[in-house]
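Below is one structure; the comments refer to it alone.
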Amino acid sequence: MTVRWIRAALAGVAALTLGLAGCGGGDEPAGKAGGGRVTVFAAASLTETFTRLGRDFEAARPGTAVTFNFAGSSALANQITQGAPADVFAAASPATMKTVTDAGEAAESPVTLARNQLVIAVPRGNPQRVTGLADLTRSGMKVALCAEQVPCGAAARKALDAAGARLTPATLEQDVKGALAKVKLGEVDTALVYRTDARAAASELDAVEFPESAGAINDYPIVVLKRAGAPDTARAFVDYVRSDAGRAVLTAAGFQPPQA
Amino acid sequence: MSVLDTAAPAARPARPRHRVPLALLVPAGLGLLFLVLPLVGLLAHAPWTTLPQRLAQPGVLTALRLSLQTATLATLLCVALGVPLAWVLARVEFPGRRLVRALVTVPLVLPPVVGGVALLLVFGRRGLVGSWLDATFGVTLPFTTAGVVLAEAFVAMPFLVIAVEGALRGADPRYEEAAATLGAGRWTTFTHVTLPLIAPGVAAGAVLCWARALGEFGATITFAGNYPGRTQTMPLAVYLALETDLPAAIVLSLILLTVSVAILAGLRDRWVGVP
Chain A
1 MTVRWIRAAL AGVAALTLGL AGCGGGDEPA GKAGGGRVTV FAAASLTETF TRLGRDFEAA
61 RPGTAVTFNF AGSSALANQI TQGAPADVFA AASPATMKTV TDAGEAAESP VTLARNQLVI
121 AVPRGNPQRV TGLADLTRSG MKVALCAEQV PCGAAARKAL DAAGARLTPA TLEQDVKGAL
181 AKVKLGEVDT ALVYRTDARA AASELDAVEF PESAGAINDY PIVVLKRAGA PDTARAFVDY
241 VRSDAGRAVL TAAGFQPPQA
Chain B
1001 MSVLDTAAPA ARPARPRHRV PLALLVPAGL GLLFLVLPLV GLLAHAPWTT LPQRLAQPGV
1061 LTALRLSLQT ATLATLLCVA LGVPLAWVLA RVEFPGRRLV RALVTVPLVL PPVVGGVALL
1121 LVFGRRGLVG SWLDATFGVT LPFTTAGVVL AEAFVAMPFL VIAVEGALRG ADPRYEEAAA
1181 TLGAGRWTTF THVTLPLIAP GVAAGAVLCW ARALGEFGAT ITFAGNYPGR TQTMPLAVYL
1241 ALETDLPAAI VLSLILLTVS VAILAGLRDR WVGVP
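Chains A and B supply the protein sequences, listed in that same order.
Here my numbering is used: the first residue of the first sequence is 1, the next is one more, and so on.
Here my numbering is used: the first residue of the second sequence is 1001, the next is one more, and so on.
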């Protein structure tokens, strides 16, 4: 009885191990052989545009497949320097890109793909009548910001300092989508998010522009990584993002073109 | 298959009975290695030279204090509600008891982030209970320390209920029956006979519960958000430090590890009799 149990358990473990090994082994040669598989690590604020660009890119080049990992730029930069299998990295700030280039993970020098700036996200109809950053310091006003470790948080800090606005946020989220979600859920009254994120959620939220955001514009750098499994396809994707077609998608989403 | 079946009985008399079979020893060793190696990695990469300065940073102590406070409060809440719940499950016959028991263990298998979202939908400003709390008492739970306690208790309570229910089922019912024949009511029996009987089980459950609460991340960051001194517990601080400062994250992890190992070891020897 016990012997049978142990044997069954061992067989299970063996099957699991083989299965896992199979997965790992199966993926790698495909990438190495340049099978057109590109893994893109991109800032959370690029979620909608890059998903769209990835689909367009696959359609334009049959046989290619683009997969994404969207998260806060700093978390992604960390994953890349710790050896995560990424081919392309698109960050929401030059500072987070720098951790990757400093670690010697980039195959080339990064180029700017777009710029983005902050807006105040408020529930539809702006029930609290928020018109600028000063309104966020009102007592009882619940505000979600990004943590300063991620680009949208660094930009928010810069804008708030420029406005001389001192506030205690309700929460510091790990990425811009987290801050946005807290407004959608109605748990906070406002959040400082990118214009593009507010636009992507326009059915649920309104965006209030404020002048200080002009002083805290984020450049979005993109780069092909040194350990890319399919460097040619990776470079083609970067070129596609920066092409007229790519730029049109980015602009429609509310991004600004890079400074000439 | 046949090799094991035939060889084992024949070889048995020759071998000493307490010999450990290799087929168990090898995976056991691998299992141990698998569990211990990551901890070794933490120790190996720890920035020992700058450790004192890093420990002295104000944010570290704030997060540690908040973690210890909220985990303890969550455990108290779990004991206050979980022990009676376990008693009902173990001692009262009622229709749908199996279903209730299954429901109690749901937070065990639920991804904590989902638990956090569920808590928001109930206790959030627009939630079923939360909107009433807000309108009646002007109380909102998300983004408060109370919210952290709530999130931790939600995730940790099943550990306590399961441990205590197990202890209740293992306890000899004759003591309770004897108390009843001597005229003790159910409440008196519970407080004077049952509770002392299952005290080790309650302690074990509370320790498990506390450890789970201390490590809670997903439900906390979703429901209570992240703000230093108010809702940023150690696991949240580790996660955020990881974004920019790996050595700081390692230091925070080491502290959490040391505290939990110390307290678990201390409690295990004193109260939790492990046979």
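Note that beta-carbon positions come from the ideal geometry of N, C-alpha and C, so glycine has one too.
Close Cβ partners of residue i (< 7 Å) along its chain, the five nearest in sequence each way excluded
i          : result
VAL241(A)  : LEU53, LEU113, ILE222
LEU1254(B) : LEU1042, ALA1046
VAL1117(B) : THR1222
ARG157(A)  : GLU148
ALA1074(B) : VAL1149, GLU1152, ALA1153, ALA1156, ALA1213
ALA1086(B) : VAL1161, VAL1164, GLU1165, LEU1168
GLY246(A)  : LEU53, TYR240
LEU185(A)  : none
THR96(A)   : SER73, SER74, ALA77, PRO151
ARG1101(B) : LEU1089
SER1067(B) : LEU1214, THR1233, MET1234
Counterpart residues of residue i in DSSP-defined beta bridges
i         : result
THR112(A) : PRO221(A)
ARG37(A)  : ALA65(A)
PRO123(A) : LEU205(A)
VAL263(A) : The requested residue 263(A) does not occur in the structure, where chain A is confined to residues 1 to 260.
GLU173(A) : CYS146(A)
LEU118(A) : TYR194(A)
PHE70(A)  : ALA42(A)
GLY106(A) : The residue asked about is misnamed: residue 106(A) is Ala in this sequence, not Gly. In the DSSP output, where bridge partners are listed per residue, ALA106(A) has LEU225(A).
DSSP three-state assignment for residue i, whether helix, strand or coil
i          : result
GLN256(A)  : strand
GLU1216(B) : coil
VAL130(A)  : coil
THR168(A)  : coil
LEU1267(B) : helix
PHE57(A)   : helix
LEU1182(B) : coil
THR1258(B) : helix
PHE1094(B) : coil
TYR1227(B) : coil
THR1188(B) : helix
LEU1128(B) : coil
THR1050(B) : helix
PHE1143(B) : coil
ALA88(A)   : As written in the sequence, residue 88(A) is Val, which differs from the Ala given in the question. Looking at VAL88(A) - three-state DSSP - the assignment turns out to be strand.
LEU250(A)  : helix
HIS1045(B) : helix
PRO1158(B) : helix
GLN79(A)   : helix
PHE210(A)  : coil
ARG235(A)  : helix
Residue nearest to residue i in terms of C-alpha spacing, selected from the options
i          : options                                        : result
VAL183(A)  : SER74(A), ALA228(A), GLY125(A), SER213(A)      : GLY125(A)
ARG235(A)  : GLN79(A), ASP87(A), ASP56(A)                   : ASP87(A)
ASN1226(B) : ALA75(A), GLU173(A), PRO110(A), ARG157(A)      : GLU173(A)
CYS146(A)  : THR131(A), ASP239(A), VAL130(A), SER74(A)      : SER74(A)
ALA252(A)  : LEU205(A), ARG199(A), PRO123(A)                : ARG199(A)
ALA1071(B) : ALA1211(B), GLY1218(B), ALA1237(B), ALA1265(B) : ALA1211(B)
LEU1107(B) : ALA1265(B), CYS1209(B), LEU1236(B), LEU1264(B) : Just to set this straight, residue 1107(B) is Pro in the shown sequence, not Leu. The option with the nearest alpha carbon to PRO1107(B) is CYS1209(B).
ASP1172(B) : TRP1187(B), PRO1158(B), LEU1195(B)             : LEU1195(B)
ALA170(A)  : GLU209(A), TYR194(A), ALA155(A), GLY140(A)     : GLY140(A)
VAL1193(B) : GLU1177(B), VAL1259(B), ALA1204(B), GLY1201(B) : GLU1177(B)
ALA71(A)   : SER45(A), ALA84(A), THR51(A), GLY63(A)         : SER45(A)
Contacts around residue i, its chain only, beta-carbon distance under 8 Å, and the 5 residues preceding and following it disregarded
i          : result
GLN82(A)   : none
VAL100(A)  : ALA77, ILE80, THR81, PHE89, ALA91, ALA106, VAL223, LEU225
VAL1020(B) : none
ARG129(A)  : ASP135
ASP244(A)  : none
VAL273(A)  : Because chain A is modelled from 1 through 260, residue 273(A) falls outside the range shown and cannot be assessed.
GLY1183(B) : none
LEU16(A)   : Caution applies to LEU16(A), whose pLDDT of 47 falls short of 50 and renders its modelled position unreliable; the value that the coordinates give is listed next. Hits under 8 Å: none found.
GLY1082(B) : MET1157, LEU1160, VAL1161, VAL1164, GLY1205, CYS1209
PHE1143(B) : ALA1224, GLY1225, TYR1227, ARG1230, THR1231
Spatial neighbours of residue i in its chain, beta-carbon cut-off 6 Å, leaving aside the 5 residues before and after
i          : result
GLU1216(B) : GLU1152, VAL1155
THR67(A)   : THR39
LEU250(A)  : THR49, ALA114
Notebook entry, point to check: Along the region 1119-1153 of chain B, what residues have a CB closer than 7 Å to any CB found in chain A?
Noted result: LEU1120, GLY1124, ARG1125, ARG1126, PRO1142, PHE1143
Check: If you measure beta-carbon to beta-carbon, which residues of the region 1243-1269 of chain B are closer than 9 Å to chain A?
Finding: GLU1243, THR1244, ASP1245, LEU1246
Notebook entry, point to check: Which residues, in chain order, does the region 148-169 of chain A contribute to contact with chain B at a C-beta distance below 7 Å?
Noted result: GLN149, VAL150, PRO169
Next item on the list: Mind checking the region 188-213 of chain A against chain B and listing, in chain order, the residues whose C-beta falls within less than 9 Å of any C-beta there?
Entry: Residues are counted here when their Cβ sits less than 9 Å from a Cβ of chain B; for the region 188-213 of chain A these are VAL188, given in chain order.
Check: Between the region 69-85 of chain A and chain B, which residues of the former have a C-beta closer than 7 Å to a C-beta of the latter?
Finding: GLY72, SER74, ALA75, ASN78
Next item on the list: Taking only beta carbons into account, state which residues of the region 1201-1228 of chain B come closer than 7 Å to chain A, listed in chain order.
Entry: GLY1225, ASN1226, TYR1227
Next item on the list: Please list the residues of the region 171-182 of chain A that have a C-beta atom closer than 8 Å to any C-beta atom in chain B, keeping them in chain order.
Entry: THR171, LEU172, GLU173, GLN174, LYS182
Next item on the list: Below 8 Å between beta carbons is the criterion; list the residues of the region 116-142 of chain A that meet it against any residue of chain B, in chain order.
Entry: LYS142
Next item on the list: Determine which residues of the region 46-68 of chain A have a Cβ less than 8 Å from any Cβ of chain B, and write them out in chain order.
Entry: none
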